[in-house]
Structures are given as structure tokens and as C-alpha cells.
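Visitor:
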Amino acid sequence: MNLILVTFIILLAFTSYYFGRKKALVIQSSQRLTALPKFYGYYLAAWCAAPALIIFALWSVFEPSIVKTFILQDYTDQNLTKNELQLIYTKVKALAAGTYTGNITNFLDESANKYIQLKGIANSAKVAIILAILIFSLSFAYRSVQKNDRMREPVEIFLKWVLFVASLGAVLVTIGIVFSLLFEAIRFFQAVKIFDFIFGTHWYPAKTFVRDGQPDPELMKDAFGAVPLFAGTFFIAFIAMCVAIPIGLLSGIYLSEYAGRGVRKYAKPIIEILAGIPTVVYGFFAALTVGPFVKEIGNAMGLEVSAESALAAGAVMGVMIIPFISSLSDDVMTAVPQSLRDGSYAMGATKSETVKKVIFPAALPGIVGSILLAVSRAIGETMIVVMASGLAANLTMNPLESTSTITAQIVVILIGDQQFGDPKTQSAFALGISLFIVTLFLNVIALSVVKKYREKYE
Amino acid sequence: MSKIKAENVNVYYGSKQALFDVSIDIAEKEVTALIGPSGCGKSTFLRCLNRMNDVIEICRVEGSIKMDNLELNSRKLDVVRLRENVGMVFQKPNPFPKTIYENVAYGPTIHGIAQSKEEMDQIVETSLKKAALWNEVKDRLDEIGTGLSGGQQQRLCIARAISVSPEVILMDEPCSALDPIATAQIEELIDDLKKEVTIVIVTHSMSQAARVSQKTGFFHLGKLIEFGPTDKIFKNPDNQQTQDYITGRFG
């Protein structure tokens, strides 16, 4: 029903577009148009679709809760809790849909009938109201078209609002995500002291699990210390950057300054393909190839190496990040004006001197920006760490041992069965928000550095 | 005395020929102006003199260009040495995004000219003085060169070019981005510099060529149409095309 209605509105909008344009051509024969004919079409189409769709959306949002209120009115005298009422409503809906399998009481049956009746009324009312709105708004718009009112401005204003609503949606979703993280994190911090979380050196949430009842507060104190996770995260990111910065920067310099046009044309997309490989592929590459390889080399040298070492995960993550650095730094170095290169060459500088003394310093802010973006990418990377670096949160600075990161622990916490009110589950939100704050901070710095660089040549 | 002697220079950009059999004698410690309409090849020729065309991948130079009997158009030539001897000033001022001091010290640093900090200070000061910029910037040598005004930036670029004491300075329309006052300052500077250096200047302004140069060459469609003393070119040219260009009938 809803689908038919929406399709009908959209089809009608398309039709009115053509109708409006045709009408404009008719008007054109007797008087000067106020805008191009297509604006007449847009005007009619917008007036046709927008009010009807808005009302449709509002109706769809509010109809269920209104129906629910009507149904549950019959139960208000029974002193039921909110959860019980919800259960009854779900039962009524299931019964009405014919999927209910429990005991059917008279009372429930009555409610189900009432529900079906209400739904029927609501549906007819919806169709009637939307048709009425369509007729009203179309005739209003048509009158304007007939009077040859100004068409361009209303259409432009309409478009502005469409764009505004789209951006508003994106912003609201972002805010929603941040707040849901924040609220759950706050609930977590009611159970675990924020001090214990930030400075505790022992992360072992599984031990707080108690089958029934509340976990022991003493256990809580020692189970949610995030220091090993922060240390692991930054440590693996550091290893990754040790791989990615030299290779990425040097290949960026090669691509922008040394490579001929032919080489650059093929080499750059190939390097960028590295960024397109799904991280899960990197993950099993790290877990199945690099990890055992590192272990064997270590064993051959008489070192004790874990099969899931921070080194393997960090190195593979570094490979994944290479294209971010090489591609971005190539871009910023290519953007350094040719006149600076000419100036340097004309002074008798060689290519490497020009790169070292002119191009690189001039591009440095942009390069720093690209590196910071890469770091925030490394910190947020999940799959490689989950697969290759193990899940035990060891506090270690030995790259040959296994360690864990914030992202990997969030995965560990949230896969499988969990109870929502449990501090163990909520700790994922606390980790999430701290990760978010770190990467946000890095991104803000990176963007402001890059922006500063842009102003320099303008 | 002849400083640079070019014979039958042909330049190609890919398959397109940009210069046709250009032969020219550039005299020492004089200002030679190259004039002509846009795209006539005068800048291309200028860039042959310090091998800046090497930067352009598709560019190919044929013929002989000799500076003090050293063949410039040769694979064996040490381009770094050549450019130390032949400085260049570009159309658009292009100081490096470094401090004023570092801009001038750039050449002496990469060529290892100064032995000590004092010597470097001295070179920077002399170069800036020769470029008539010292008085304006002596108190802010550690400010960024790109923060100067257009005319100051161009004089900074000239200071940068003369910091390595080149024998020749090439100027590619050095005043086209400047206002008349800055232009007058640069022209005055050119007049001073020619006591010590040979200058080749490409210009679109005929009055500028007439004011600053001793010899003038007129290029058209990649050919050197006429070359001679500036007085003669401007007052009594041999060639009808030169006459037409000078009097503003085309170009």
C-alpha cells in the first residue's frame, strides 16, 4: 500500500514536470516567460511531490505510536508495567498478523480486532489525506504557473532546502552516534572509576563475568585498565608508521620528482591499489604468511617469537598505509609550483638538492598532514590486529610478543553473547569514545596543517 | 668581445620546431635585448643558454652554442657548473618559501662558495646591496621572502642570481609582472649590473629594450630576423618586418 502510494506520488511528480514545461511553452506564445520552461516543470513537480511526501513521512512516523496508545487504553486500569504493556502490544500485533502461537484470551482477541480496524481506518485516512494534499498543492502550483508568476526563485529555494535537509541529516546522524557512545560510556564509568580505566594496567574484562547478580566491585577495579590497550594501539601504529613513512615518502618523492610521465601513469594507480585491498585480506596475509615467517626467522636466530606478534601486524598495517602517504605526499609535492623548481635548477642545484631544500620544505606541512591522517587510520585499523596480533592485552614493548589494541578488544567484547547492561559490554563504548577522541584530535591537527599549507601559495 | 656565440641553433618540442637556424653573438658586459611577438621563440632561445630546456622532457636542441669557447650544447657539459656561471631571473618572481637570507644564501650554499658564517653574511649583504634591496630588508632578513612586494621579490630573485657571481644573467621578461615604479628600479639595476656581468633580457616592452640594451635581436616565428645595435634597430632597421613590429603595426 505504502509502496503504491509513494510510486504514485513520484509518477505524478514526473508527469507534472512535463505538464509544467508544456504549459510554459503555451504561455510563451502570448507572454514573456519568467524563467526557462524547465523551471515551470520543476516548480510543479516540487509542489506535487514535496508536501505529499512530507505528510506521508510524518504519518508513517506517528501512526504506530498513536495506534498503540489507542490499543493500550483498554489496559490502563490493570496496573501493568511498561514492559508488560509492550509485551501485550507485541502479542496483539502478532495476533492481528496471524503469527501468534500462544494462548488467545478474549481480551487479546478483542484488541487484535480493534487493531485491525484501527489500521484500516488509518490507511484509508492516509490515502484520502494525501490525495487531498496532492490536489490542493497541485492546483495551487498550477494557478501560479497559469499566472506566470516568477518560477526560478521558488525552485532555487526549494533546492536549497533539499540540500540543507540532506546535510542536516548527516550532521544529526554524527551527533547521534557520538551521543550514544557518550551515554553508554557514562554508564560504564558509573560502574568502573574513570581513574581505574585510564590508569589501570590490567585489562581482563572476562573475569568480571558472574552468572547471576552483581560482579564483585573489587574485581571490577582491576579488570578494566585500558593502559595495555592504549600502549598496544600506539605501539602497533608506531611499527606501522616505521614501515609506511620511509617507503611512502620516498616513493612519493620518486613519483612526483623523478618518475617520467610514463612510469608515473602506471606506478601511481598500482600503488593506490594497495589502498583498495580489503583489510581482511591484509589480515589473513598477516596472520598466515607474515606472522609465521617472522616467527621462523626469530626462531632461527634463537629468539622467542609469538606466532601472533605485534611486529607482523604492524608491518602489514604499514604496507596497507603506504599508499596514503605516498599518494598524498606525491600530490602535495606535485602542487609545489614549477617556478620554484625552475628557480632552484637555474641556480645550479641538482635534482636531489632541489627536492631536499626547496620542494620538500615547501610541501612539508602537507606531508605532515598526510602522515597524521595515516596515523589516525593506523590507530583505527581493526581487522589486521584482530587476526594477526592476538587478543590478549599484554602490556609489552617487545615487538615479538603478542599484544592487543583498542579496536581488537572492542571486537572481542562485542562478538558472541553479551548482556547489554553489563559493564563488560559497556566498556566497548568507553573504548570507542576514547578511540574516537584520539583520532578526532589527530584529524583536526592534520586538517588544520593542510589548510595552512594551502593558504601559502594563494 | 663576444661572450656567447650561437650558431645554427634549432630547437624542437616533440615534432614541432620552435627555433630555426638562430645564430647570434652576445657581447661581454653589455645588455642584449631579445624582442618579438609572443611565441616567437625568444624565451626558448634564452633557456638554451643555461640549458633550462633540459627540464622539458620533449625538448631537443641542435646546433652549437659556445660560451668562452666552451660548447654548451653538449652531453658532456657539467650543467651545474654552467648554471653557476649563468644565472637566471624569471618572468614571475619566484623566491623560495624560505627567509630572505636563505633565499640569497641558497646558491652559495649548494656550490660551497662561503667557507664561514661571516663570509656568507658578507655574500648575502653584497648581493642584496647590488640588487638595491639591502636598505629595505636589512632589518628583516629572517622574514619569509614570499612576504615581500612583487618588485621586492623580483629584486630578491636578482640578488639570488648574483649571489654566486655569475658571468652571465638571463632575464626572461623580468618586469612583466611589476608596476612602473618597480620596473624602473629593475631597469636601473640592470644598468648597474652590466658593468660586471653580461645580461641577456627577453622583453615585450620595446621601450624597455630601447632604454636598457646596447644590442637588440628581433625574433619572429622562430627565426632571428634582425640583430644589431639597439639604436640602429629602433631608428633605422634593415628589415621591413622589424620596422613594422617596432612601429607597432603588428605583434
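Chains as they are written, first to last, in numbering that gives the first Met the number 0: chain A, 0 to 457; chain B, 0 to 250.
The beta-carbon is built from N, C-alpha and C at its ideal position, and this holds for glycine as well.
This one's a predicted model, so the numbers in the text were calculated from it and none came from an experiment.
Relative to chain B, which residues along the region 342-354 of chain A have a C-beta separation below 8 Å, given in chain order?
Guide: Result list: G342, S343, Y344, A345, M346, G347, A348, T349 and E352.
Visitor: Here's the rule: buried if 16 or more other CB atoms are within 10 angstroms of the residue's CB, otherwise exposed. What is A:F194?
Guide: As a first step, residue 194 of chain A is located in the first sequence; it is residue number 195 there, counting from the start. Result: exposed.
Visitor: Kindly confirm or deny that the region 168-185 of chain B and the region 146-160 of chain B touch, where touching means at least three C-beta pairs closer than 8 Å.
Guide: Yes, since at least three Cβ pairs between the region 168-185 of chain B and the region 146-160 of chain B fall closer than 8 Å, the two stretches touch.
Visitor: Cβ of B:V78 within 9 Å of Cβ of B:D53?
Guide: Against the second sequence, residue 78 of chain B aligns to sequence position 79. Against the second sequence, residue 53 of chain B aligns to sequence position 54. Yes.
Visitor: Identify every run of the alpha helix (DSSP H) within the region 156-199 of chain A, keeping only runs that are complete inside it and at least 4 residues long; order them along the chain.
Guide: Entirely contained in the region 156-199 of chain A, the alpha helix (DSSP H) runs reaching 4 residues are, in chain order, 193-198.
Visitor: State buried or exposed for A:F198, treating a residue as buried only when at least 16 other CB atoms are found within 10 Å of its CB.
Guide: As a first step, residue 198 of chain A is located in the first sequence; it is residue number 199 there, counting from the start. Exposed.
Visitor: Going along the chain, which residues of its own chain have a beta-carbon closer than 7 Å to the beta-carbon of B:M119, five neighbours each way excluded?
Guide: Position 120 of the second sequence, counted from the start, is the residue given in the question as residue 119 of chain B. So the list reads A104, P107 and A113, once near-sequence residues are dropped.
Visitor: Determine the chain B residues that contact A:G259 at a beta-carbon separation under 9 Å, and present them in chain order.
Guide: In the first sequence, the residue the question calls residue 259 of chain A occupies position 260. In chain order: E56.
Visitor: Measuring alpha carbon to alpha carbon, tell me which residue in A:S447, A:I432, A:M346 and A:A445 is nearest A:A184.
Guide: Taking the first sequence and counting its residues from 1, the one referred to as residue 184 of chain A is at position 185. The option with the nearest alpha carbon to A:A184 is A:I432.
Visitor: Going by beta carbon distance, what residues of the same chain come within less than 7 Å of A:E271, once the five residues before and after it are set aside?
Guide: If you number the first sequence from 1, residue 271 of chain A lands on position 272. Cβ within range, chain order: P322 and S326.
Visitor: For a cutoff of 9 Å on Cβ pairs, would you count A:R263 as touching chain B?
Guide: By one-based count along the first sequence, residue 263 of chain A stands at place 264. Answer no: the Cβ-Cβ gap between A:R263 and chain B never drops below 9 Å.
Visitor: For A:G261 and A:N147, what's the separation of their Cα atoms in angstroms?
Guide: Against the first sequence, residue 261 of chain A aligns to sequence position 262. Against the first sequence, residue 147 of chain A aligns to sequence position 148. Their backbone Cα atoms lie some 58 Å apart in a straight line.
Visitor: With a threshold of 9 Å between beta carbons, is B:E83 in contact with chain A?
Guide: For the purposes of this step, residue 83 of chain B is identified with residue 84 of the second sequence, where counting begins at 1. Output row for B:E83: interface = yes.
Visitor: Taking just the CA atoms, how far does B:P94 sit from B:I161?
Guide: By 1-based counting over the second sequence, the position of residue 161 of chain B is 162. By 1-based counting over the second sequence, the position of residue 94 of chain B is 95. If I take the Cα positions, the gap works out to 14 Å.
Visitor: Could you tell me the alpha carbon to alpha carbon distance between A:L32 and A:A131, rounded to whole angstroms?
Guide: For the purposes of this step, residue 32 of chain A is identified with residue 33 of the first sequence, where counting begins at 1. For the purposes of this step, residue 131 of chain A is identified with residue 132 of the first sequence, where counting begins at 1. Rounded to the nearest angstrom, the two C-alpha atoms are 30 Å apart.
Visitor: The region 66-99 of chain B: which residues have C-beta closer than 9 Å to a C-beta of chain A, in chain order?
Guide: The region 66-99 of chain B vs chain A, Cβ under 9 Å: V78, V79, R80, L81, R82, E83, N84, V85, G86, M87, V88, F89, Q90, K91, P92, N93, P94, F95, P96 and K97.
Visitor: So which residues of chain B does A:V357 contact, with C-beta pairs closer than 9 Å?
Guide: Locating residue 357 of chain A in the first sequence gives position 358, where the first residue counts as 1. Simply F95, P96, K97 and Y105.
Visitor: Thinking just about the alpha-carbon of each residue, which of B:K222, B:S115 and B:E135 is nearest to the one in B:F44?
Guide: Indexing the second sequence from 1 puts residue 44 of chain B at position 45. Selected option, being the one with the closest Cα: B:K222.
Visitor: Just to confirm, is the Cβ distance from A:G313 to A:A239 under 9 Å?
Guide: Numbered from 1 along the first sequence, position 314 holds the residue referred to as residue 313 of chain A. Numbered from 1 along the first sequence, position 240 holds the residue referred to as residue 239 of chain A. Yes.
Visitor: Please confirm if B:I109 has its CB atom under 9 Å from at least one CB of chain A.
Guide: In the second sequence, the residue the question calls residue 109 of chain B occupies position 110. Judged by the 9 Å Cβ criterion, B:I109 is in contact with chain A.
Visitor: What residue ranges within the region 123-167 of chain B form continuous alpha helix (DSSP H) runs of no fewer than 4 residues, ordered along the chain?
Guide: Segments of the alpha helix (DSSP H) lying fully in the region 123-167 of chain B: 133-136 and 149-161.
Visitor: Taking its Cβ as the centre, do 16 or more other Cβ atoms sit within 10 Å of A:E457, making it buried, or is it exposed?
Guide: In the first sequence, the residue the question calls residue 457 of chain A occupies position 458. Since pLDDT at A:E457 reaches only 41, below the 50 mark, its modelled position is unreliable, and the value read off the structure follows with that caveat. It counts as exposed.
Visitor: So, B:G40 versus B:V21, is the Cβ gap smaller than 9 Å?
Guide: Here residue 40 of chain B is taken as the residue at index 41 of the second sequence, counted from 1. Here residue 21 of chain B is taken as the residue at index 22 of the second sequence, counted from 1. For B:G40 and B:V21, yes; Cβs fall inside 9 Å.
Visitor: Go to A:L24, then tell me how far its beta strand (DSSP E) extends in each direction, as first and last residue.
Guide: In the first sequence, counting from the first residue as 1, residue 24 of chain A sits at position 25. Counting along the chain, A:L24 falls outside any beta strand (DSSP E), though it belongs to the alpha helix (DSSP H) covering N1 to Q27.
Visitor: Just list the residues that DSSP pairs A:W202 with in beta bridges.
Guide: Position 203 of the first sequence holds residue 202 of chain A. Note: A:W202 sits in a beta bridge opposite A:F223.
Visitor: With a 10 Å radius around its C-beta and 16 neighbouring C-beta atoms as the bar for buried, classify B:R50 as buried or exposed.
Guide: Counting from one through the second sequence, the residue named residue 50 of chain B turns up at place 51. B:R50 is buried by the Cβ-count criterion.
Visitor: Using a Cβ-Cβ cut-off of 6 Å (strictly less than) and excluding sequence neighbours within five positions of B:M0, which residues of its own chain qualify?
Guide: Numbered from its first residue, the second sequence carries residue 0 of chain B at position 1. So the qualifying residues of the chain are E27.
Visitor: According to a CB-to-CB cut-off of less than 8 Å, which residues of the region 152-167 of chain B neighbour chain A?
Guide: Of all residues in the region 152-167 of chain B, C156, R159, A160 and V163 have a Cβ within less than 8 Å of some Cβ in chain A.
Visitor: Please state whether DSSP places A:K264 in a helix, a strand or coil.
Guide: Translated into positions along the first sequence, residue 264 of chain A becomes position 265. Three-state result, A:K264: helix.
Visitor: Using a Cβ-Cβ cut-off of 6 Å (strictly less than) and excluding sequence neighbours within five positions of A:S136, which residues of its own chain qualify?
Guide: In the first sequence, counting from the first residue as 1, residue 136 of chain A sits at position 137. Answer for A:S136: W46 and P50, listed in chain order.
Visitor: Can you list, in chain order, the residues of the region 139-152 of chain A whose Cβ is nearer than 9 Å to any Cβ on chain B?
Guide: Flagged: no residues at all.
Visitor: Does A:S338 come within less than 9 Å of chain B when only Cβ atoms are used?
Guide: Within the first sequence, numbered from 1, the residue matching residue 338 of chain A stands at position 339. With 9 Å as the cut-off, A:S338 counts as an interface residue toward chain B.
Visitor: According to DSSP, what are the bridge partners of A:Q145?
Guide: Indexing the first sequence from 1 puts residue 145 of chain A at position 146. A:Q145 is not bridged to any residue.
Visitor: Indicate the three-state DSSP secondary structure (helix, strand or coil) for B:I25 in the structure shown.
Guide: For the purposes of this step, residue 25 of chain B is identified with residue 26 of the second sequence, where counting begins at 1. Three-state DSSP puts B:I25 in a strand.
Visitor: Where B:L147 and B:R159 are concerned, what is the direct C-alpha to C-alpha distance, given to the nearest angstrom?
Guide: Here residue 147 of chain B is taken as the residue at index 148 of the second sequence, counted from 1. Here residue 159 of chain B is taken as the residue at index 160 of the second sequence, counted from 1. Straight-line Cα distance between these residues: approximately 14 Å.
Visitor: Between A:L94 and A:I103, which are expected to be in contact by the criterion C-beta below 8 Å, what is the C-beta distance as a whole number of angstroms?
Guide: By 1-based counting over the first sequence, the position of residue 94 of chain A is 95. By 1-based counting over the first sequence, the position of residue 103 of chain A is 104. That belief holds up - the Cβ atoms of A:L94 and A:I103 are roughly 7 Å apart, short of 8 Å.
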